[in-house]
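S.K.: Numbering (this note's numbering), first residue to last: 103 to 336.
Every residue gets a Cβ at the ideal spot worked out from N, C-alpha and C, and that includes glycine.
Here the structure is a predicted model, which means the values were calculated and not measured.
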Ligand SMILES: *Cc1c(COP(=O)(O)O)cnc(C)c1O
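(1) Does any residue of chain C bring its CB to less than 9 Å from the CB of residue 176?
(2) Can you find the residues in the same chain that come closer than 8 Å, C-beta to C-beta, to residue 182, ignoring five residues on each side of it along the sequence?
(3) If we ignore side chains and look at the alpha-carbon of each, how far apart do residue 251 and residue 235 end up?
(4) What three-state label does DSSP hand residue 135 in the structure shown?
(5) Need the endpoints of the beta strand (DSSP E) that residue 210 sits in, please.
(6) Decide if the region 213-223 is in contact with the region 238-246; the criterion is three or more beta carbon pairs, one per stretch, under 8 Å apart.
(7) According to DSSP, is residue 147 helix, strand or coil?
(8) Could you check if residue 328 belongs to the surroundings of ligand 1, using beta carbon to heavy atom distance under 8 Å?
(9) Does the distance between the C-beta of residue 114 and the nearest non-hydrogen atom of ligand 1 fall short of 8 Å?
(10) If you measure from the CB of residue 273, is any heavy atom of ligand 1 nearer than 8 Å?
(11) So, does the region 325-336 touch the region 111-118, judging by three or more C-beta pairs under 8 Å?
Here it is in structure tokens:
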């Protein structure tokens, strides 16, 4: 387990940096939510991040999210109630077990997955909030829908009442930093603006930016940044 006071220091530093960047971009500090991506650390260290003030927690593997959610349940502490975000790939056979646990799924990357989420959500009598993951890096190895596929998928969402697509998610390309990352984020925002207008769907959320490029992402309109490494530096 990592030293909790170290985790708290890291959290305070990132929280302040995110707030300052938002304000310097002319946006309210509260307009950016930080998802602390806890995939690198154990449950007690994740709990230290939560008690430092990071209520939104993200995992990239569904099994890790299940395990940590169960661990938090066992703590029986009403104050230890994170909002879980799934930020990595979700296999269709893991949808049923994941849905009751998550606040937001960032990584819808196929029509079949979206349909599975819709079907399972209907069966549970719930509505699930999701983001479509768009590949704006052009890299084959990167996950996410091509912009064309994402646009087609968005057109189908009015027919799926139990899923609510609330925005888009993207990762900058491998080793892409600075201006190059910023252009990819800017492209995601432009796609969002265009689809929102053309299809008349509200898409308020833009999940983009990680430890190395969150400032660029916030300047381009990120409403959610997903930060891992920088929170667990020791
Ligand atoms: C790991 C991960 C992050 C966090 O990345 P860092 O560079 O460690 O901040 C964000 N988003 C996704 C999808 C991830 O898998």
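M.R.: Working from what's here:
(1) Among the chains in the structure shown there is no chain C, since it carries only a single protein chain.
(2) 149, 152, 153 and 174
(3) 10 Å
(4) strand
(5) 204-210
(6) no
(7) helix
(8) yes
(9) no
(10) yes
(11) yes
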